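Undergrad: The sequence shown runs 43 to 359 under this note's numbering. To start, I am sharing the structure in question, which I have written as structure tokens.
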Amino acid sequence: MDAYSFAHLSDPHLPLAPERPLTRALLSKRLPSYISWQRKRFRIHQPRVMDLLLADIDAHDPDHRVVTGDLANIALPSEFEAGETFLRRVGPPDRVTLIPGNHDVLVPSAWEEGLARWRDWMAGDGAPASAEGSGLFPALRIRGPVAFVGLNSGIPTPLGSAQGTLGPEQLATAERVLSDLGGKGLFRVLLVHHPVAEGVVKQRKALTDRAELRAVLKRAGAELLLHGHAHYAHMCSLPGPLGPIPSMTVPSASAVRHKHHDAARWTLVRVRREEGKGWRAEVTLRGLTADEAGFETLGRFDLLLAGPAAGPPTAAA
Numbered sequence: 043m044d045a046y047s048f049a050h051l052s053d054p055h056l057p058l059a060p061e062r063p064l065t066r067a068l069l070s071k072r073l074p075s076y077i078s079w080q081r082k083r084f085r086i087h088q089p090r091v092m093d094l095l096l097a098d099i100d101a102h103d104p105d106h107r108v109v110t111g112d113l114a115n116i117a118l119p120s121e122f123e124a125g126e127t128f129l130r131r132v133g134p135p136d137r138v139t140l141i142p143g144n145h146d147v148l149v150p151s152a153w154e155e156g157l158a159r160w161r162d163w164m165a166g167d168g169a170p171a172s173a174e175g176s177g178l179f180p181a182l183r184i185r186g187p188v189a190f191v192g193l194n195s196g197i198p199t200p201l202g203s204a205q206g207t208l209g210p211e212q213l214a215t216a217e218r219v220l221s222d223l224g225g226k227g228l229f230r231v232l233l234v235h236h237p238v239a240e241g242v243v244k245q246r247k248a249l250t251d252r253a254e255l256r257a258v259l260k261r262a263g264a265e266l267l268l269h270g271h272a273h274y275a276h277m278c279s280l281p282g283p284l285g286p287i288p289s290m291t292v293p294s295a296s297a298v299r300h301k302h303h304d305a306a307r308w309t310l311v312r313v314r315r316e317e318g319k320g321w322r323a324e325v326t327l328r329g330l331t332a333d334e335a336g337f338e339t340l341g342r343f344d345l346l347l348a349g350p351a352a353g354p355p356t357a358a359a
């Protein structure tokens, strides 16, 4: 079969509007995040880098594009408008899958003033028109041989916390969806903003029910997990019923080089089924060049992943 390709980018943190928000809008958890943006984060997250990254993705012309959250910084209504413009630049809703991040839900917001603008890129295939907010997730989108299963770990949290939570209902539904898809022989890509493995981020930034999600994956399985939130490149594996499940993330899609985290990267994945051998996922890592004038290939590797009737998966570098 021909390969199906998709790009993964994350945490673009689009720039705030130059006009200072109204004081009443900042009387919340938004204030320290706004101060952080004004003091340093605006220097890290550069629109020119984001433009270069999107142009590089366009040049590779993947079949689909995945964005694992944090388009916004402080969840202002103007940021959701800017996020919609950004998503239209990334691609049409049928070719782009989005899940929200913690910054996208930094404070409680009315659906109509916030995430509703991004609904078409988040909703699963055939989602009822009445579905909104947490009712959209898990969101299932089947594209060719690949099933993208989007989860929403973003919840408003107290000051000083960037944690995420899925909750029992979303976990239970995700297990049913993943199990059903496994029986159909699709390549299952699970999307969640917060990391699922231990130690990727500090506890104050972690997914509170990550152990429960790992238990779901161990029972139901998936071929790949993609997440954001960490702001640095990371890859590990999680236990699955047929063997390890690769878990990958990328740095912020708009970041220049700075002392704490990696410069911008994105990942291209090409998936094909090999007769009698399960799945082969060819992974290409693309990163910002040293002169910040474009993107280059940083590395390539293959993931050999078992099909339902095959043996345990292995990774071939």
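Glycine is no exception: its CB is placed at the ideal position from the N, C-alpha and C atoms. Computed from a predicted structure; not experimentally measured.
Could you tell me which uninterrupted alpha helix (DSSP H) segments, each at least 4 residues in length, are contained entirely in the region 199 to 271, listed from first to last along the chain?
TA: 210 to 225, 252 to 262
Undergrad: Look at the alpha carbon of R261 and the alpha carbon of E254, and state the distance between them as a whole number of angstroms.
TA: 11 angstroms
Undergrad: Extract the residue ranges of the beta strand (DSSP E) inside the region 51 to 110, only unbroken runs of 3 or more that lie entirely within it.
TA: 106 to 109
Undergrad: Using C-beta distances below 7 angstroms, list every residue in its chain close to T331, excluding the 5 sequence neighbours before and after it, in chain order.
TA: F337, E338
Undergrad: Alpha carbon to alpha carbon, what distance is there between K319 and A124?
TA: For A124 and K319, the distance between alpha carbons rounds to 44 angstroms.
Undergrad: In the DSSP assignment, the beta strand (DSSP E) including R185 goes from what residue to what residue?
TA: 181 to 185
Undergrad: Contact between the region 90 to 98 and the region 165 to 185 is defined here as three or more beta-carbon pairs at a separation below 8 angstroms; is this criterion met?
TA: The region 90 to 98, when compared against the region 165 to 185, does not touch it at the 8 angstroms Cβ threshold.
Undergrad: If V231 and V188 are in contact, beta carbons under 8 angstroms, what's the gap, nearest whole angstrom?
TA: 6 angstroms
Undergrad: Kindly indicate which three-state DSSP category D127 falls into: helix, strand or coil?
TA: The identity of residue 127 in the sequence shown is Thr, whereas the question assumes Asp. In the structure shown, T127 sits in a helix (DSSP, three-state: H, G or I).
Undergrad: For the structure I just gave you, are there three or more beta carbon pairs, one from the region 115 to 130 and one from the region 310 to 329, closer than 8 angstroms?
TA: no
Undergrad: On a CA-only basis, which of E155, S151, W163, V132 is nearest I141? Give me that one, please.
TA: Measuring from the Cα of I141, the nearest candidate turns out to be W163.
Undergrad: Could you work out which residue in A297, T207, I184 is closest to R307 when comparing CA atoms only?
TA: A297
Undergrad: What separation, rounded to the nearest whole angstrom, lies between the Cα atoms of P286 and V219?
TA: 19 angstroms
Undergrad: To the nearest angstrom, how far is the alpha carbon of E317 from that of P74?
TA: E317 and P74 have their C-alpha atoms roughly 54 angstroms apart.
Undergrad: Exposed or buried, which one is W153 when buried takes at least 16 other CB atoms within 10 Å?
TA: exposed
Undergrad: Could you tell me the distance, in whole angstroms, from the CA atom of L268 to the CA atom of L280?
TA: 12 angstroms
Undergrad: CB-CB under 7 angstroms to L310, same chain, minus the five flanking residues each way: which ones, in chain order?
TA: S47, A49, H102, P104, T326, R328
Undergrad: Taking 7 angstroms as the threshold (beta carbon to beta carbon), is D105 in contact with chain D?
TA: No chain D is present in this structure, which holds just one protein chain.
Undergrad: Just tell me which of H303, G224, D251, V243 has its CA closest to the CA of L266.
TA: G224
Undergrad: Per DSSP, which residues does L347 bridge with? Please list them.
TA: DSSP lists W321 as partners of L347.
Undergrad: Tell me the DSSP secondary structure of S120 in three-state form.
TA: Three-state result, S120: helix.
Undergrad: Does the contact criterion of 3 or more C-beta pairs under 8 angstroms hold for the region 269 to 276 versus the region 233 to 241?
TA: yes
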